[in-house]
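Numbering of the sequence shown is given in the UniProt record's numbering, commencing with residue 1 and proceeding in unit increments.
From the three backbone atoms N, C-alpha and C, an ideal C-beta is built for every residue, glycine too.
Note that the structure is a prediction, hence the values are computed from the model and not measured.
Structure record follows, encoded as structure tokens.
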Amino acid sequence: MRSRNPVFSRRGFSRDNGYAGFNAAPQAGGPAVGTQQGNPYAQQAGNPYAQNPYAQQDLQYGAPPQAPAATGRMTMDDVVARTATTLGLVVLTAVLSWVLLPVDEANLGKSYGIAIGAGLVAMVLALVQSFKRRAAPALILSYAALEGVFLGVISSAVSTYIADGVVAQAVMGTMAVFAGVLVAYKAGWIRVNRRFYGFVMAAALGFVLLMAVNLLFTVFGGGDGLGFRSGPLGIVFGVIGILLGACFLALDFKQVEDGIAYGAPREEAWLAAFGLTLTLVWIYMEFLRLLSILNSD
């Protein structure tokens, strides 16, 4: 099963384009070994290792995934380092675009044009990476840089024309959601299973479809469309968007945890960074939209 973000789909951690998550995870203290003749663990009823998509890779390396440093397997340090690199690039280009692309009356059209162009190209790059069989660091970093340009201009415009301080509040809100979901996931308060996955995907699909319909009404009918992004309904849908982002963070954490447990190759840490970046950008944009509605006249 593959994990998906609210906006973009992406490949999960497996060699056959499937997702290693939501199967039975390796039991604590048990050796995560591949299935092979004579392997006692493969003969046990309900043995989780028989479902390990990296089982044949374990045989190739000739060692269990308890030694990721020696076998080129993904570790939490790899995920943290690549996520920090990707998010750091988003923040860097956002700050640069805020400074170099002013949103005053003389430059508003030009800055908006560059931001929208960067956002569209970033979307295309994200879709390309989502359908690739392997992680492409150049694509992921290019997406991060262009997404930062888009976020920087939009954030600057919101701060200038709606309310000063909204951007800082949106950043803090995003960080709070990330920390809260991480604590809840590690404490076992959030159980990520197939039912959770199905519920989140159904809710996300409905949410995206409603937003698409609202956009069409806005483009062709003018005004605020169906009102899903303004007024009381806008506030409700902003909260729903943030909650969906939090659910997808839980899916991201599960994907990373299973990828490490099943011995995903080290280069797939870029997929974890890519997925986490997509989700955090989604949450930030929903916070920015919600706070803009709350602070608008």
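Identified DSSP bridge partners for residue i
i, result
"R82", "In DSSP, R82 forms no bridge with anything."
"R73", "P265"
Inter-residue CB distance, residue i and residue j (contact presumed, cutoff 8 Å)
i, j, result
"T174", "L280", "6 Å"
"G275", "M74", "The pair is not a contact, with the Cβ atoms about 13 Å apart (cut-off 8 Å)."
"L125", "Y143", "4 Å"
"L290", "I240", "Not a contact, Cβ separation roughly 10 Å."
"G148", "A94", "4 Å"
"V90", "T277", "7 Å"
"L288", "A157", "The pair is not a contact, with the Cβ atoms about 10 Å apart (cut-off 8 Å)."
"L146", "V121", "5 Å"
"A135", "E267", "6 Å"
"V177", "A115", "Their Cβ separation, rounded to whole angstroms, is 24 Å, which puts V177 and A115 out of contact at 8 Å."
"N214", "L205", "That belief does not hold up - the Cβ atoms of N214 and L205 are roughly 15 Å apart, past 8 Å."
"A273", "T83", "4 Å"
"F150", "A202", "Incorrect: roughly 28 Å between the Cβ atoms, too far for contact."
Which of helix, strand or coil DSSP assigns to residue i
i, result
"P137", "helix"
"E105", "coil"
"Q66", "Reliability of the predicted coordinates at Q66 is poor, the pLDDT of 47 falling under 50, and the value obtained from them is presented with this limitation in mind. Looking at Q66 - three-state DSSP - the assignment turns out to be coil, as it is neither helix nor strand."
"F178", "helix"
"S296", "coil"
"D164", "coil"
"W189", "coil"
"K132", "coil"
"T279", "helix"
"A273", "helix"
"A25", "Note that A25 scores 42 on pLDDT, short of 50, meaning its location in the model is unreliable; the coordinates nonetheless yield the value given after this. Three-state result, A25: coil."
Option nearest residue i by Cα separation, candidates the options
i, options, result
"T86", "G198, S156, A176 and A269", "A269"
"K254", "F237, F287 and N193", "N193"
"V183", "L100, I293, E147 and L249", "L249"
"residue 309", "L271, P102, G206 and G72", "Outside the shown range of the chain, which is 1 to 297, sits residue 309, and nothing can be said about it."
"G231", "W282, L294 and L205", "L294"
"G88", "L141, D252, V128 and N107", "L141"
"G180", "F220, G263 and L243", "L243"
"Y161", "Y262, F207 and E105", "E105"
"V99", "A168, V153, A163 and A273", "V153"
"L251", "P137, G119, M76 and F196", "F196"
"F228", "P137, E286 and A84", "E286"
"V103", "V167, D78 and S155", "S155"
"P265", "R133, A163, V128 and K110", "R133"
"L210", "L233, W189, F199 and G188", "L233"
"S296", "M76, L139 and S159", "S159"
"D78", "G263, K110 and F207", "G263"
"M76", "I190, A261 and N107", "A261"
"L137", "I283, A81 and I190", "First, the amino acid is wrong: residue 137 is Pro here, not Leu. Nearest C-alpha to P137: A81."
"M123", "L139, R191, W189 and V208", "L139"
Interface flag, residue i vs chain D, CB-CB below 9 Å
i, result
"G238", "Given the protein chain composition of this structure (a single chain), no chain D is represented."
Entirely enclosed beta strand (DSSP E) segments - the segment 193-230, minimum 3 residues: List check, beta strand (DSSP E) in window: nothing returned.
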